[in-house]
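J.:
Numbering (our numbering), first residue to last: 69 to 643.
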């Protein structure tokens with residue numbers, strides 16, 4: 069009996085599927101055995117096997133989970149986010165709202181978390197000119213979207229995605245996404261454990277086995293011990309600790325933004341300093357955002373040197389931060405340091421051109437930006453016009469008129485002690501040797517970026533330090549000139565007062581010794597003649613002193629600013 073060709077084709081497909089399934093199972097089995105060793109080289113080899121398995125079966129759940137947990141164990145958080153970026157809530161919201169009107173302008177009411185904290189009387193929370201970084205992040209809509217997609221695909225897609233992706237988002241600085249994902253994953257894990265514990269009897273009860281032998285916290289087991297699966301309790305404890313740290317950072321940042329929005333700049337600086345100077349390291353992108361917002365607070369408080377320093381740290385951690393480049397350029401323009409301002413604006417123009425060339429904002433899709441792609445062409449046109457204007461100002465000779473008083477934070481006419489104190493404090497804060505100290509409190513998503521970050525931080529700190537030293541020398545020379553002029557004025561005033569006192573004394577002497585009108589005897593006439601001779605000689609002496617002092621006063625007055633020198637007859641010096 070002949071076999072139909074359709075059946076033969078179906079049998080071949082079935083045989084191909086079965087053979088491929090066996091290959092995939094073999095890859096996964098070998099990958100599990102390599103992962104159980106807890107050695108990085110073996111886990112890298114396991115990743116190669118998992119990639120081969122996913123090339124055959126791209127949606128195989130066990131291979132996806134093993135790969136995600138292996139990448140998390142190797143601290144390759146960017147790869148985890150790229151693998152599971154479809155489950156990042158903020159990215160999903162931006163994708164849903166990209167082709168529609170923003171939810172702020174829709175007819176739906178604003179959520180409780182979206183309301184701006186401590187609003188001012190003359191501005192509203194929905195004004196288009198406001199900086200989007202000064203608006204509280206809404207997590208209620210994130211929860212709705214996460215739960216909506218979760219209940220649809222709860223059985224088909226594993227619950228491990230939320231815990232693994234939540235930890236990766238935390239290390240990448242996406243704190244709101246991490247909090248939503250970890251809370252959702254913890255809630256689902258609790259429900260699953262509760263349902264399984266109720267269904268099992270006391271005799272057959274055991275902890276649920278996970279698909280991997282990697283601990284969720286990233287700790288490794290000793291090689292002598294057999295590989296163990298993470299239990300629900302240890303997993304829940306680690307997630308709870310991570311959630312508490314995330315909530316603390318979010319609370320402090322929200323309080324700082326609220327204080328900055330209310331005009332309490334010192335309070336905002338204090339809250340941001342608690343985040344960046346904390347004992348526990350914070351993620352790189354989160355710290356860059358906090359440094360940028362603290363730079364806004366320093367700028368609003370009039371502390372230009374500190375604001376430039378925070379912009380330097382932000383650009384060291386994130387060289388493509390548009391806000392940091394724009395803010396530093398505006399600060400340098402404020403103090404009329406036009407060459408450095410032009411350098412930053414040219415860098416910003418190059419970044420805009422790169423964005424338009426690539427047709428996307430810099431960085432991965434899940435990276436948070438405070439500028440939209442459609443705003444870039446308008447910003448580029450305005451930036452080009454501004455660069456041309458600054459070049460004209462530089463060509464006209466405005467490069468040497470730097471406002472060092474504003475840079476150091478002093479008033480004009482300050483004393484030498486005030487300058488020394490301000491310069492000492494700025495040097496202690498912005499010394500180039502301490503430029504990389506903030507890196508110790510930073511948790512990097514990729515360790516290979518560490519050297520380039522240090523180089524950028526040292527270079528920018530050195531330029532700021534040189535600018536401060538130049539400002540100190542300029543202000544000190546101005547103060548010394550003012551002190552010398554004041555000394556000359558005091559000397560001229562003293563000489564003028566001495567001359568006036570001498571003239572008054574001469575007049576008093578003349579009035580106290582008048583000439584007699586009648587003489588009675590030759591003896592008395594001789595005495596009178598001798599007295600008159602003495603008086604005339606004294607008068608001549610005083611007149612000579614007066615003339616010499618008047619000459620000195622005239623020369624001093626001509627030196628301190630009189631356009632017309634006093635004419636003095638030098639023949640009077642011979643009297």
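From the three backbone atoms N, C-alpha and C, an ideal C-beta is built for every residue, glycine too.
For residue 549, count neighbouring Cβ atoms within 10 angstroms of its own Cβ and tell me buried if that reaches 16, exposed if not.
T.: The C-beta of residue 549 has fewer than 16 other C-beta atoms within 10 Å across all chains shown, which makes the residue exposed.
J.: Roughly how many angstroms lie between the CA atoms of residue 556 and residue 471, to the nearest whole one?
T.: 27 Å
J.: Out of 230, 104, 108 and 92, point me to the one whose CA is closest to residue 153's CA.
T.: 230
J.: Alpha carbon to alpha carbon, how far is residue 148 from residue 466?
T.: 51 Å
J.: Taking the alpha-carbon positions, what's the residue 142 to residue 427 distance?
T.: 32 Å
J.: Assign residue 350 to one of three DSSP states: helix, strand, or coil.
T.: strand
J.: For residue 110, tell me which candidate among 88, 125, 138 and 128 has the shortest Cα-Cα distance.
T.: 138
J.: Check for me: the alpha helix (DSSP H) holding residue 150 runs from which residue to which?
T.: 145-151
J.: What residues in its chain sit with their C-beta under 7 Å from that of residue 260, if we drop five residues either side in the sequence?
T.: Hits under 7 Å: 227.
J.: From the DSSP output, in three-state form, read off residue 107 for me.
T.: Annotated three-state conformation of residue 107 is coil, per DSSP.
J.: Only counting the same chain, and skipping five residues up and downstream in sequence, which positions put a Cβ closer than 7 Å to that of residue 377?
T.: 498 and 532
J.: Give the secondary structure of residue 237 by DSSP, where H, G and I count as helix, E and B as strand, and everything else as coil.
T.: helix
J.: With DSSP as the reference, label residue 510 as helix, strand or coil.
T.: strand
J.: By the three-class DSSP mapping on this structure, what secondary structure does residue 128 have?
T.: coil
J.: Could you give the C-beta distance for residue 350 and residue 476, rounded to a whole number, given that I count them as a contact under 8 Å?
T.: About 30 Å; that fails the 8 Å criterion.
J.: Buried or exposed for residue 503, please, with buried defined as at least 16 other CB atoms from any protein chain shown within 10 angstroms of its CB.
T.: buried
J.: Inspect the beta-carbon positions of residue 46 and residue 393 and report whether they are closer than 7 Å.
T.: One cannot answer for residue 46 here, as it falls past the ends of the chain, which runs 69 to 643.
J.: Ends of the alpha helix (DSSP H) at residue 579?
T.: 518-580
J.: Just tell me which of 323, 495, 559 and 107 has its CA closest to the CA of residue 535.
T.: 495
J.: What three-state label does DSSP hand residue 66 in the structure shown?
T.: Residue 66 lies beyond the range of the chain shown here (69 to 643); nothing can be said about it.
J.: With the cut-off set at 7 Å, would you say residue 103 and residue 130 are in Cβ contact?
T.: no
J.: Starting from residue 371 and walking both ways along the alpha helix (DSSP H), at which residues does that stretch end?
T.: Looking at the DSSP string, residue 371 is not in any alpha helix (DSSP H), and its letter there is neither H nor E.
J.: Since I believe residue 566 is in contact with residue 380 (beta carbons under 8 Å), could you give me their beta-carbon distance rounded to a whole number of angstroms?
T.: The Cβ separation is near 57 Å, so there is no contact.
J.: Name the residue from 234, 243 and 242 whose alpha carbon lies nearest to the alpha carbon of residue 254.
T.: 234
J.: Would you mind stating whether residue 356 and residue 382 have Cβ atoms separated by less than 7 Å?
T.: yes
J.: Please confirm if the segment 473-492 is in contact with the segment 538-549, defined as three or more CB-CB distances below 8 Å between the two stretches.
T.: yes
J.: Can you check whether the CB of residue 158 is closer than 7 Å to the CB of residue 245?
T.: yes
J.: Among the residues of its own chain, which have a CB less than 8 Å from the CB of residue 108, if the five just before and after it don't count?
T.: 142
J.: Nearest by alpha-carbon distance to residue 510: which of 332, 249, 358 and 91 is it?
T.: 358
J.: Suppose you measure from the CA of residue 92 to the CA of residue 112; what does that come to, to the nearest Å?
T.: 18 Å
J.: Determine the DSSP secondary structure at residue 438, reduced to helix, strand or coil.
T.: coil
J.: Report yes if the CB atom of residue 547 is closer than 7 Å to the CB atom of residue 484, and no otherwise.
T.: yes
J.: Taking DSSP as the reference, what is the three-state secondary structure of residue 157?
T.: Note: residue 157 maps to helix in three-state DSSP.
J.: Is residue 240 near residue 145, with beta carbons less than 7 Å apart?
T.: yes
J.: Report yes if the C-beta distance between residue 340 and residue 323 is below 7 Å; otherwise report no.
T.: No, these two residues do not count as a Cβ contact at 7 Å.
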